[in-house]
Amino acid sequence: MEKSKKIVFLEKMLGFLARKIINRHQPKIVAITGSVGKTGTKDMVWHLLKAYYSVRRNVKNYNNEIGLPLTIIGVESGGGSVFGWLRALLKGWWVAFFSRDYPDILVLEMGADRKGDLKYLCQLAPPNVGVVTNVGNSHLEYFKTRAGLAREKSTVLKAVTSGGLAIVNLDDGEMSKLSGKLGEKEISIGVNSEEAQMRATDIKFGKRVLVTKNNSRLKVVDSLIFKLNYQGKIIPVKLRYALGVPSVYSAMIALAVGEYFQINIVDAAQILSDFLLPKGRLRLIKGIKHTVIIDDTYNSAPDSLQEALTVLGQ
Numbered sequence: 140m141e142k143s144k145k146i147v148f149l150e151k152m153l154g155f156l157a158r159k160i161i162n163r164h165q166p167k168i169v170a171i172t173g174s175v176g177k178t179g180t181k182d183m184v185w186h187l188l189k190a191y192y193s194v195r196r197n198v199k200n201y202n203n204e205i206g207l208p209l210t211i212i213g214v215e216s217g218g219g220s221v222f223g224w225l226r227a228l229l230k231g232w233w234v235a236f237f238s239r240d241y242p243d244i245l246v247l248e249m250g251a252d253r254k255g256d257l258k259y260l261c262q263l264a265p266p267n268v269g270v271v272t273n274v275g276n277s278h279l280e281y282f283k284t285r286a287g288l289a290r291e292k293s294t295v296l297k298a299v300t301s302g303g304l305a306i307v308n309l310d311d312g313e314m315s316k317l318s319g320k321l322g323e324k325e326i327s328i329g330v331n332s333e334e335a336q337m338r339a340t341d342i343k344f345g346k347r348v349l350v351t352k353n354n355s356r357l358k359v360v361d362s363l364i365f366k367l368n369y370q371g372k373i374i375p376v377k378l379r380y381a382l383g384v385p386s387v388y389s390a391m392i393a394l395a396v397g398e399y400f401q402i403n404i405v406d407a408a409q410i411l412s413d414f415l416l417p418k419g420r421l422r423l424i425k426g427i428k429h430t431v432i433i434d435d436t437y438n439s440a441p442d443s444l445q446e447a448l449t450v451l452g453q
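Using my numbering, the letters of the sequence shown map in sequence onto residues 140 to 453.
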């Protein structure tokens, strides 16, 4: 569908202001894309970095040509209000040319519905750290094949600035082809791949014991735990109320980002133990009478649904 002239004008104005803000304030940028797990990964990276730096992340679904500039500006959408959009543009002008206060780091989820989307977003916010969580089956109506979708997603890795970091998931067949070919510093992650520099092993559910009113003892799943193998070290990692391997990949990505920003990896793992996944993203919720609910209600992308069924099977 062709965009209206008003939308095109708004995108150009917001894009202009976003570029000016980035050029003036020079924040470090962590760009995250992928078919599954973008939001959880973004939030986990933000949770870790905010313990040491001033950090901003996208909120809501602000990951496109309009939402990303709004995040960079630090303002909400004007919605259907002309005055709301005027207020957003004025705020952008202030931040771009006058304000001295700005975050050290932007953690930006970047979405792609069509070819060229990520190229544009990376031009607005050139990444110091580039992440592709995986390449699945979402948005294939626009890219036809997974290989075509992978080419679009790989834009984020190829756009990493000099001295930056590309994080490559070796368990993803399409992304693993890029390993060693990106020209910048690279950290590879994986669960199945033995070649991964940062590898998760011994993944299992953590349980706690509950004592009921009649003094019976129940073991209830309350976390996901694994061992992180990195540079000859084995580091235990615990994720509260998390389920499924996507959370493990998100944690490895967050820890790799932490390494780039010189955060001790043992301290980083401890910080992640306090993290809670966003609602609706394969997360445990306490139920009544010592029951638990698996909340995966955000959407039903094929890969997300498959992972949820895998968890149920365990």
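C-beta atoms are modelled at their ideal positions from N, C-alpha and C, and glycine is treated no differently. Predicted model only: the values in this text are computed from it and were never measured.
Segment limits, alpha helix (DSSP H) that includes residue i
i: Arg226; result: 221–236
i: Glu313; result: 312–315
i: Glu248; result: Taken as a continuous stretch (DSSP letters only), Glu248 belongs to no alpha helix (DSSP H), being part of the beta strand (DSSP E) at 244–248.
i: Ala157; result: 144–164
i: Ile392; result: 384–399
i: Ile211; result: 206–212
Identified DSSP bridge partners for residue i
i: Tyr369; result: Met337, Lys372
i: Phe344; result: Leu363
i: Glu325; result: Ala305
i: Gly134; result: Here the chain has residues from 140 to 453 only, and residue 134 is not among them.
i: Val194; result: Ile244
i: Arg379; result: Ser362
Simplified DSSP state of residue i, which is helix, strand or coil
i: Thr180; result: helix
i: Lys189; result: coil
i: Ala251; result: coil
i: Arg239; result: coil
i: Leu415; result: coil
i: Ala298; result: coil
i: Lys283; result: coil
i: Glu141; result: coil
i: Tyr259; result: helix
i: Ile402; result: coil
i: Ala264; result: coil
i: Glu291; result: helix
i: Val350; result: Confidence is the limiting factor: at Val350 the pLDDT is only 49, short of 50, which leaves the residue's position unreliable, though a coordinate-based value still follows. Val350: strand per DSSP, three-state reduction.
Nearest-angstrom beta carbon gap, residue j and residue i [assumed within contact, 8 Å]
i: Val330; j: Val387; result: 6 Å
i: Thr272; j: Thr180; result: 6 Å
i: Ala170; j: Gly231; result: So it is not a contact: roughly 20 Å between Cβ atoms.
i: Glu291; j: Lys254; result: 6 Å
i: Ile328; j: Ala335; result: 5 Å
i: Met249; j: Val295; result: 6 Å
i: Leu82; j: Val299; result: Residue 82 is absent from the structure shown; the chain starts at 140 and stops at 453.
i: Asp310; j: Ser332; result: 5 Å
i: Ile374; j: Ile404; result: 6 Å
i: Asp361; j: Gly345; result: 6 Å
Contact check, residue i vs residue j, beta carbons under 7 Å
i: Pro208; j: Leu153; result: yes
i: Asp243; j: Tyr192; result: yes
i: Leu363; j: Leu378; result: yes
i: Met381; j: Leu394; result: Here the sequence assigns Ala to residue 381, which means Met is not the residue at that position. No, the pair does not count as a contact, with Cβ atoms beyond the cut-off.
i: Gly219; j: Ala227; result: no
i: Pro266; j: Ile168; result: yes
i: Val184; j: Val396; result: yes
i: Met457; j: Met314; result: Only positions 140 to 453 of the chain appear in the structure, and residue 457 is not among them; the question remains open.
i: Ala264; j: Leu156; result: no
i: Val147; j: Arg196; result: no
i: Gly176; j: Pro417; result: no
i: Ala305; j: Leu321; result: yes
i: Asp256; j: Tyr281; result: no
i: His90; j: Phe414; result: An answer regarding residue 90 cannot be provided, because it is not within the stretch 140 to 453 covered by the chain.
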